[in-house]
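Residue numbers (the UniProt record's numbering): 1 to 326.
Set out below in structure tokens:
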């Protein structure tokens with residue numbers, strides 16, 4: 001009997017093989033549960049893909065008011081000089097300044113009895129752009145779990161398409177280039193092994209260039225040079241700027257390139273350690289002032305400060321990018 005008790009006590013202190021297996025499995029599961037999931041690494045990256053944008057154009061003409069008396073004073077000097085040259089060339093009878101003044105007064109009272117009232121006219125156009133974009137930069141994550149991070153990058157996008165006015169009679173080939181730098185805040189809300197899901201939001205700052213081609217109005221060239229050859233919208237307004245600035249009535253500026261500030265946000269996923277996708281929206285905030293004229297004095301077209309402004313703007317962009325993490 002004592003020997004039997006000793007055997008019983010001996011058997012109780014030696015665990016069976018099944019008990020060892022259960023204990024090992026429990027310990028392994030506990031260790032796996034407590035171990036942190038694989039976080040996204042900091043490092044350089046490059047991404048690129050397809051980008052779509054909707055854009056709009058607006059031509060605004062503003063006429064400042066001019067009284068009848070101001071109009072007479074504005075027209076009289078130039079008209080008197082014109083008549084004087086005609087007289088010297090033997091093209092008209094001699095006229096005194098007083099006669100010219102009376103003539104202008106009659107013309108203004110007949111055509112503009114109340115002067116020129118103020119007015120504003122706007123012509124809108126809209127179109128779509130399709131193209132590609134590319135970003136390259138560096139990302140870094142903070143903290144032990146590395147859910148939050150920042151990235152800094154340079155970027156370039158090129159898009160082409162067409163715009164139309166509301167009447168549908170005006171067709172304008174258009175292209176936009178955007179280039180600059182940006183910074184985004186990153187947040188990964190789910191991580192598992194090498195797979196991560198997150199969101200981002202940030203800003204971009206850079207230059208926006210518009211390349212406007214040969215437009216058509218009712219099927220015919222919208223812009224021509226002195227030889228009646230079709231030319232691009234860019235070439236046409238560059239010529240207009242030079243012509244206007246050669247005179248003394250208005251000042252003009254042609255700026256196909258301007259600064260742009262963009263908000264950027266979207267969703268990102270890494271399906272391996274080095275590869276991922278990104279879907280986002282970019283919203284520009286500045287109207288690009290493509291062309292502008294402003295009168296420096298009153299004329300029969302309006303008072304001082306009258307003028308025309310043409311502006312373009314990408315309203316919003318959607319993009320889908322493939323991402324490679326180094």
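Where a beta carbon is used, it is the ideal one built from N, C-alpha and C, also for glycine.
Predicted, not measured: the structure shown is a model, and the values here were computed from it.
Do you know whose CA, among the options, lies nearest residue i's CA?
| i | options | result |
| --- | --- | --- |
| residue 129 | 250, 307, 52 and 47 | 52 |
| residue 205 | 108, 154 and 43 | 154 |
| residue 118 | 320, 311, 298 and 315 | 298 |
| residue 264 | 133, 210, 182 and 273 | 182 |
| residue 291 | 320, 268 and 240 | 240 |
| residue 59 | 160, 125 and 319 | 125 |
| residue 350 | 237, 271 and 259 | Residue 350 lies beyond the stretch modelled for the chain, which goes from 1 to 326, so this question has no answer here. |
| residue 99 | 84, 242 and 40 | 84 |
| residue 47 | 143, 156 and 103 | 156 |
| residue 269 | 209, 322 and 102 | 322 |
| residue 163 | 43, 324, 45 and 56 | 56 |
| residue 44 | 72, 151, 71 and 74 | 151 |
| residue 257 | 184, 320, 232 and 179 | 179 |
| residue 266 | 226, 136, 319 and 252 | 319 |
| residue 186 | 280, 173 and 167 | 280 |
| residue 40 | 271, 315, 201 and 310 | 271 |
| residue 247 | 137, 293 and 116 | 293 |
| residue 194 | 288, 276, 315 and 116 | 276 |
| residue 289 | 207, 82 and 167 | 207 |
| residue 310 | 114, 233 and 226 | 233 |
In three-state terms, what does DSSP make of residue i?
| i | result |
| --- | --- |
| residue 77 | helix |
| residue 236 | helix |
| residue 146 | coil |
| residue 199 | strand |
| residue 124 | strand |
| residue 39 | coil |
| residue 287 | coil |
| residue 249 | coil |
| residue 227 | coil |
| residue 167 | coil |
| residue 70 | helix |
| residue 220 | strand |
| residue 214 | coil |
| residue 64 | coil |
Would you mind reading off the limits of the alpha helix (DSSP H) that contains residue i?
| i | result |
| --- | --- |
| residue 105 | 97 to 111 |
Using C-beta distances below 8 Å, list every residue in its chain close to residue i, excluding the 5 sequence neighbours before and after it, in chain order.
| i | result |
| --- | --- |
| residue 189 | 147, 197, 198 and 199 |
| residue 230 | 214, 221, 223 and 224 |
| residue 295 | 64, 249, 250, 301, 302, 303, 304, 305, 306 and 307 |
| residue 97 | 80 |
| residue 218 | 169 |
| residue 261 | 203, 204, 205, 284, 285 and 286 |
| residue 134 | 46, 47, 48, 155, 156 and 157 |
| residue 74 | 66, 297, 298, 299 and 300 |
| residue 274 | 324, 325 and 326 |
Quick one: residues in its chain with C-beta nearer than 6 Å to the C-beta of residue i, no 5 flanking neighbours on either side, listed in chain order?
| i | result |
| --- | --- |
| residue 317 | 51, 53 and 282 |
| residue 158 | 131 and 177 |
| residue 61 | 121 and 308 |
| residue 35 | Because residue 35 sits at a pLDDT of 36, beneath the cut-off of 50, its placement in the model cannot be relied upon, and the following sentence gives the value as read from the coordinates. Here the set comprises nothing. |
| residue 172 | 163 and 215 |
| residue 236 | 223 |
| residue 245 | 252 |
| residue 175 | 160 and 211 |
| residue 184 | 151, 200 and 202 |
Need the endpoints of the beta strand (DSSP E) that residue i sits in, please.
| i | result |
| --- | --- |
| residue 282 | 275 to 284 |
| residue 301 | Here residue 301 belongs to no beta strand (DSSP E), and DSSP marks it neither H nor E. |
| residue 269 | 257 to 270 |
| residue 317 | 307 to 325 |
Please work out which residues of its chain come closer than 7 Å, Cβ to Cβ, to residue i, disregarding the five sequence neighbours upstream and downstream, and give them in chain order.
| i | result |
| --- | --- |
| residue 326 | 43, 44 and 45 |
| residue 72 | 104, 105 and 108 |
| residue 112 | 68 and 71 |
| residue 411 | Outside the shown range of the chain (1 to 326) lies residue 411, about which nothing can therefore be said. |
| residue 29 | Confidence is the limiting factor: at residue 29 the pLDDT is only 37, short of 50, which leaves the residue's position unreliable, though a coordinate-based value still follows. Here the set comprises nothing. |
So residue i packs on residue j, CB below 8 Å; how close in whole Å?
| i | j | result |
| --- | --- | --- |
| residue 165 | residue 123 | 6 Å |
| residue 76 | residue 110 | With 8 Å as the limit, residue 76 and residue 110 do not qualify as a contact, their Cβ atoms being about 16 Å apart. |
| residue 210 | residue 142 | Rounded, the Cβ-Cβ distance is 39 Å, inconsistent with contact. |
| residue 140 | residue 149 | 6 Å |
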